[in-house]
DNA sequence: TTGATGTATACTGAATATGGTATACACTGA
DNA sequence: TCAGTGTATACCATATTCAGTATACATCAA
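Residue numbers (my numbering), protein chains in the order written: chain A, 192 to 302; chain B, 192 to 302.
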């Protein structure tokens, strides 16, 4: 992990003793963390593309502006479920294919 | 929603007043529920392909066999986060592409 | 500077998810 | 039938996530 990423994660509320701790994360944890961060970034990008404020999105999600702020930095107390809902609420799509079976979390209006 | 799917969901612990209630779900909720169910199915299929018992997987996830049973039916009190960890623990992979930006939740050894 | 708008941080009580345990059920082979 | 293995259901105590609120900070226009 580069310093930049670690700094961003710590800003988001994640705690690391040092880089070795991160390297010691299980593969599952790393994949989950990556997916969370990607989805959070996507939420912000899509929201801004729609010219919605955090307050606007909060209304759609039936939550508060402060929670949207947390969602967009993938804070530790934001579940993947909530990230997912926010993501789809701003136009993110999920495609489930069968052969080969896979799930794609697609961003509309990709960069 | 067909009766079969609804039956499966109810068996998993989800509650529906009637089909209209389900149709009344927001798009986000439907996408999330679908993704959860797909991931749960994937966990079971991959686990069995690896010849692991629920107890074996529970050890890897540092949880209990009963919880794995819940994970595999995408019970309402199982978070997407936990589903995700289980999924990756049995070989599921996440690929994040940049152009176009999308996330794929890929099943290894797909059917 | 002031007010308006958008975003971030901190705190709380309530709701939900989690691990752990006990136990029931299903299937198989001896 | 019985023992062994794998899976499902039920319950509880604890931990985590949540909405709601207050408030701080940032930017911009008048």
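Positions of the beta carbon are idealized from the N, C-alpha and C atoms, including for glycine. Since we're looking at a predicted model, the values are computed, not measured.
Within chain B, 223, 270, 271 and 272 have C-beta atoms less than 8 Å from the C-beta of residue 272/A, given in sequence order.
Between the region 217-233 of chain A and the region 248-258 of chain A, the count of C-beta pairs closer than 8 Å stays below three; the two stretches do not touch. The C-beta distance from residue 234/A to residue 278/A rounds to 5 Å, short enough to fall under 8 Å. At a beta-carbon threshold of 7 Å, the residues of chain A lying near residue 280/B are 219, ordered along the chain.
Per DSSP, residue 281/B is not a residue of any alpha helix (DSSP H), being assigned neither H nor E. Under the 10 Å beta carbon count, residue 281/A is surrounded by 16 or more other beta carbons and is classified as buried. In this structure, residue 271/A sits near residue 271/B, with a CB-CB distance shorter than 8 Å.
Looking only at 224/B, 223/B, 222/B and 237/B, the smallest Cα-Cα distance to residue 284/B is reached by 237/B. Not one beta carbon of chain B lies nearer than 8 Å to the beta carbon of residue 231/A. The C-beta of residue 295/B comes closer than 8 Å to at least one C-beta of chain A. Listed in chain order, the non-local C-beta contacts of residue 263/A below 7 Å within the same chain comprise 231, 234 and 235, local neighbours out to five positions each way being set aside. With a cutoff of 8 Å on beta-carbon distance, residue 265/A and residue 252/A are scored as not near each other.
Rounded to the nearest whole angstrom, the CA to CA distance from residue 241/B to residue 250/B is 14 Å. For residue 234/A, the enclosing alpha helix (DSSP H) has its first and last residue at 218-240.
Residue state for residue 257/B is assigned as helix, using DSSP reduced to three classes. Excluding its 5 nearest sequence neighbours in each direction, residue 225/B has no C-beta neighbour in its own chain below 7 Å.
Taken atom to atom, the span from the alpha-carbon of residue 243/A to that of residue 248/B is near 42 Å. Scanning chain A for C-beta atoms nearer than 9 Å to the C-beta of residue 276/B yields 217, 219, 220, 222 and 223, reported in chain order. If you draw a straight line from the Cα of residue 269/A to the Cα of residue 294/B, it is about 19 Å long. The three-state secondary structure of residue 268/B, taken from DSSP, is coil. Counting only residues of its own chain and dropping the five nearest sequence neighbours on each side, residue 246/A has a CB closer than 6 Å to the CB of 256. DSSP places residue 243/B in no alpha helix (DSSP H); its state is neither H nor E.
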